[in-house]
Amino acid sequence: MDYQLTKDHQKPAIETLKQWISIPSVLDENDSKTPFGQPIQEMLELALATCRDMGMETYIDPEGYYGYAEMGQGEELFGVLCHLDVVPALNPTEWTTPPFEMDIRDGALFGRGTQDDKGPSIAALYALKALLDQGHQLNKRVRFIFGTDEENLWRGLNRYNEKEEQVSMGIVPDSAFPLTYAEKGLLQLHITGPGSDAFEMNNKGALNVVPDKAVYKGDKTEELSNILNELAYKYEVNEETLTVLGKSVHSKDSLKGDNALAHLLEAMSELYDHPILNFVKDNFAKDVNGQSIFGQVEDEASGSLTCNIANLEVDANHSKLGIDMRIPVTADKDQLVETLTKAAKEYQLEYEEFDYLASLYVPVDSELVTTLLKVYRDLTGDMTEPISSGGATFARTMKNCVAFGALQEGVADTMHQVDERMPLDNFYQTMEIYAHALKALVIKA
Ligand SMILES: [Zn+2]
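Residues in the sequence shown are numbered consecutively from 1, following the UniProt record's numbering.
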């Protein structure tokens with residue numbers, strides 16, 4: 001790639017990134033003056049100062065939940081949604097160089113936040129600056145929106161969305177190239193019901209993981225073994241404990257996993273009469289898609305509805321089953337909830353919502369996707385198809401936004417890890433790709 005638009009901006013971009021990396025903008029809930037702690041507040045102020053130096057107007061939320069920087073004029077608003085918080089560097093001594101002092105070696109930028117998300121954010125900012133320094137003019141308003149709580153609960157961007165203007169279209173530089181145009185909705189929920197005198201259960205897996213182990217402790221180990229043999233499920237017995245074995249995957253890939261807990265509950269339903277056991281056996285034991293409740297729910301853009309039976313607690317007084325559902329982008333979440341609530345009621349069980357993230361969907365033939373894809377392909381020659389199963393990014397929070405970069409094919413994903421790094425080539429190419437993308441989308445012809 002020749003760096004036609006951004007050559008002169010490589011050096012200043014790296015100098016600014018070094019400053020940004022030097023602030024350990026990790027969540028600190030124990031500060032009384034700011035929502036997310038002093039370092040994040042300081043980082044937000046620094047990012048806005050960087051933007052003012054580029055000639056942008058800036059605004060900071062008086063309570064410190066978010067900030068943004070804008071330039072240009074007109075009705076339309078193009079957004080670049082970034083985040084300034086980072087995950088902690090838990091074992092700094094394991095790092096080759098200190099995590100918050102950016103080091104350049106082996107052709108890469110090392111430091112916490114170089115990949116996630118300060119590096120890509122700086123690449124986008126300097127891509128815009130390069131265009132402006134070359135005399136180009138904006139044909140609409142461009143706003144960089146800075147989230148401050150992306151690694152945790154998205155409270156910053158949620159507050160922005162309650163109080164501020166929505167963008168007409170935008171990009172999120174916080175994922176991988178070429179781009180992510182669809183992400184399933186995420187619904188995490190509990191089904192609650194009565195306790196049991198006959199058995200106890202304490203399988204506490206994370207909601208977003210398909211359990212590869214499910215433990216039974218009780219006096220019917222032998223009977224349970226026989227049933228599991230008949231069903232051909234794997235298990236092991238250790239004194240009074242019986243552990244059903246499966247295969248663990250992220251719950252967004254539930255179809256590729258093997259759910260040990262669902263197997264255990266199916267087998268137990270032949271020995272014990274409890275509504276949660278029956279509910280799981282009838283509806284999820286052999287079907288990750290939950291079709292006996294929901295029917296067939298799927299679409300071409302994002303695939304099928306999946307339901308992960310993630311955890312279950314049962315004591316004498318109550319029972320609570322945790323389920324993680326991934327909802328296709330064209331499905332109606334409220335209708336699914338209504339259906340599930342009704343289904344649970346038939347077993348005298350209650351539905352309780354725990355967490356919900358809306359889906360992301362921008363059609364592949366939209367102006368935004370076709371433009372970004374053409375720019376990317378022309379510059380790199382990489383014809384990889386756009387992605388429809390990415391993780392969760394801020395692109396979900398506003399309409400008509402896609403995740404665009406900055407990980408490239410062949411570049412190690414070191415986000416959240418020791419020695420987080422962004423290869424220099426990846427950084428420079430990202431800046432050039434963003435400059436061409438912005439030229440196509442926000443610059444006067
Ligand atoms: Zn990120």
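Beta carbons are placed, not taken as given, at the ideal position from N, Cα and C, and that holds for glycine.
Predicted model, so just to flag it, every value in this text is computed and none were measured.
- Contact check for residue 409 and residue 378: beta-carbon distance about 16 Å, past the 8 Å limit, so the pair fails to qualify.
- In the three-state scheme derived from DSSP, where H, G and I count as helix and E and B as strand, residue 192 is classed as strand.
- Between the beta-carbon of residue 256 and that of residue 240 there is about 32 Å, and that puts the pair past the 8 Å contact cut.
- Judged by DSSP in its simplified three-state form, residue 404 adopts coil rather than helix or strand.
- Distance from the Cα of residue 166 is smallest, within the candidate group 173, 365, 157, for 157.
- One alpha carbon belongs to residue 177, the other to residue 268, and they sit about 46 Å apart.
- Judged by DSSP secondary structure, residue 276 falls within the alpha helix (DSSP H) whose first and last residues are 275 to 283.
- Judged by beta-carbon spacing, residue 39 lies within the 7 Å limit of residue 25, meaning their Cβ atoms are closer than that value.
- Around residue 122, the same chain offers 13, 16, 17, 20 as residues with beta carbons nearer than 7 Å, after the five sequence neighbours per side are excluded.
- Nearest in C-alpha terms to residue 386, of all of 2, 301, 312, is 301.
- Annotated as proximal: residue 42 and residue 23, with beta-carbon spacing under 7 Å.
- Proximity of the beta carbon of residue 382 to ligand 1 is not indicated: no heavy atom of the ligand is located closer than 6 Å.
- In this structure, residue 85 has its beta carbon at no less than 6 Å from each heavy atom of ligand 1.
- Taking C-beta atoms as the reference points, residue 182 and residue 388 count as a pair closer than 7 Å.
- By the CB criterion at 7 Å, residue 400 and residue 411 fall outside the cutoff.
- For residue 185, the closest of 396, 436, 384 by C-alpha to C-alpha distance is 396.
- If you check the CB distance, residue 226 and residue 214 do not come in under 7 Å.
- DSSP places residue 436 in the uninterrupted alpha helix (DSSP H) bounded by 424 to 442.
- Taking all protein chains in view, the Cβ of residue 153 is surrounded by fewer than 16 other Cβ atoms within 10 Å, so the residue is classified as exposed.
- Under the three-pair Cβ rule at 8 Å, the region 119 to 133 does not count as touching the region 86 to 94.
- Put simply, of 45, 63, 321 the residue whose alpha carbon is nearest the alpha carbon of residue 33 is 63.
- Judged by the Cβ position, residue 116 qualifies as a neighbour of ligand 1 at the 6 Å threshold, a heavy atom of the ligand being closer than this.
- Look at residue 292 here: in three-state DSSP terms it is helix.
- Secondary structure at residue 112: coil, using DSSP grouped into helix, strand and coil.
- Between the region 262 to 276 and the region 190 to 199 there are three or more C-beta pairs closer than 8 Å, enough to call the two in contact.
- The residues 21, 22, 23, 24, 89, 111, 112, in chain order, have a CB closer than 8 Å to that of residue 100 in the same chain once the five nearest residues on each side in sequence are set aside.
- With the rule of 3 Cβ pairs closer than 8 Å, the region 360 to 380 does not count as touching the region 135 to 148.
- Here residue 343 is actually not in contact with residue 309; their C-beta atoms are around 14 Å apart, not less than 8 Å.
- Comparing alpha carbon positions, the residue from 135, 117, 130, 132 closest to residue 145 is 117.
- About 4 Å separates the Cβ atoms of residue 330 and residue 299, confirming a contact at the 8 Å cut-off.
- Residue environment analysis places residue 103 among the buried positions, since at least 16 neighbouring C-beta atoms fall within 10 angstroms of its C-beta.
- The residues 177, 178, 409, in chain order, have a CB closer than 8 Å to that of residue 384 in the same chain once the five nearest residues on each side in sequence are set aside.
- Between residue 223 and residue 314, the gap from beta carbon to beta carbon reaches 7 Å or more.
- The beta-carbon distance between residue 170 and residue 78, rounded to whole angstroms, is 6 Å. This is short enough to meet the 8 Å contact definition.
- In this structure, residue 107 places its C-beta atom within 7 Å of the C-beta atom of residue 424.
- For the pair residue 247 and residue 258, the Cα-to-Cα distance works out to about 5 Å.
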